Amino acid sequence: MTVYCKFGTALDILTGKWKSLILLRLLSNGTMRFSELQKAIPDISKKMLTQQLKELEYHDIVHREAFAQIPPKVEYSITEYGQLMKPVLQTMSDWGAGHVQHMEKLYGEEDEKEHTHPNLGKSIPWGDRVTRES
Numbered sequence: 043m044t045v046y047c048k049f050g051t052a053l054d055i056l057t058g059k060w061k062s063l064i065l066l067r068l069l070s071n072g073t074m075r076f077s078e079l080q081k082a083i084p085d086i087s088k089k090m091l092t093q094q095l096k097e098l099e100y101h102d103i104v105h106r107e108a109f110a111q112i113p114p115k116v117e118y119s120i121t122e123y124g125q126l127m128k129p130v131l132q133t134m135s136d137w138g139a140g141h142v143q144h145m146e147k148l149y150g151e152e153d154e155k156e157h158t159h160p161n162l163g164k165s166i167p168w169g170d171r172v173t174r175e176s
C-alpha cells in the first residue's frame, strides 16, 4: 500500500492571496457578513471575495447562511471542520511574522519595502502582514 503525502491537498485549499486572510478574519471575528469581510480585506474585489468564499464553502471550511429578508443578508462563519485549520493558520502566521523580522535583520529596516533577490535579480516585496485581532 502506497501512502501519499497530503500536504499538497492542504496547500490547494489555502493557495492564493486571499483565502488565508479570509480564514484568519473569520477565525478571529466569528460570523461576518459579506460587507464586513470586504471592509476587513479592503484590497479584495467583490468578485474575488465571492469566488474564494464559494471555494472554501465547497471544501466545508466556511458555512454560508442566507436569510430570506429585504435587503438580503448573508453571513459567513467557519465550520466545525474548518476550525481544525486554526492551529495550522496560526502557526503559519506566526512563522510569517518571524520571517519578516528575520528579513529585516538580514536586509535592513522594514521601510525598505522591496529588496533585490540575489538569485532572481529583481525586487521582491516583504509581503502582506496579518495581525491577530482578539
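If you count by this note's numbering, then the sequence shown holds residues 43 to 176, one letter each, in order. Glycine included, every Cβ here is placed at the ideal spot set by N, Cα and C. Note that the structure is a prediction, hence the values are computed from the model and not measured.
What is the residue span of the beta strand (DSSP E) that residue i lies within?
i      : result
HIS105 : 104 to 109
So, is residue i buried or exposed, given that buried needs 16 or more other C-beta atoms within 10 angstroms?
i     : result
ARG67 : buried
SER62 : buried
LEU69 : buried
What three-state label does DSSP hand residue i in the structure shown?
i      : result
TRP168 : Reliability of the predicted coordinates at TRP168 is poor, the pLDDT of 42 falling under 50, and the value obtained from them is presented with this limitation in mind. The answer is coil: DSSP assigns TRP168 none of H, G, I, E or B.
GLU146 : helix
ILE120 : strand
LYS48  : coil
Hey, could you find the ends of the alpha helix (DSSP H) residue i is sitting in?
i     : result
LYS61 : 61 to 71
GLN93 : 88 to 100
LEU79 : 76 to 82
Please list, in chain order, all residues of the same chain as residue i whose beta carbon is under 8 Å from its beta carbon, the five residues on each side excluded.
i      : result
LYS81  : none
TYR123 : ASP102 and ILE103
HIS58  : The question names His, but residue 58 in the sequence shown is Gly. Excluding sequence neighbours, GLY58 sits near GLN94.
LEU91  : TRP60, ILE64, PHE76, LEU79, GLN80 and ILE83
Short of 6 Å in beta carbon distance, which residues of its chain neighbour residue i, apart from the five on each side in sequence? Order them along the chain.
i      : result
PHE76  : VAL116
LEU98  : VAL104
ALA108 : VAL116
ILE86  : TRP60
Quick one: what's got a C-beta closer than 7 Å to residue i's C-beta in the same chain, skipping five residues either side?
i      : result
VAL130 : none
Would you check if there are 3 or more beta carbon pairs closer than 8 Å linking the segment 134 to 144 to the segment 104 to 122?
No contact exists between the segment 134 to 144 and the segment 104 to 122.
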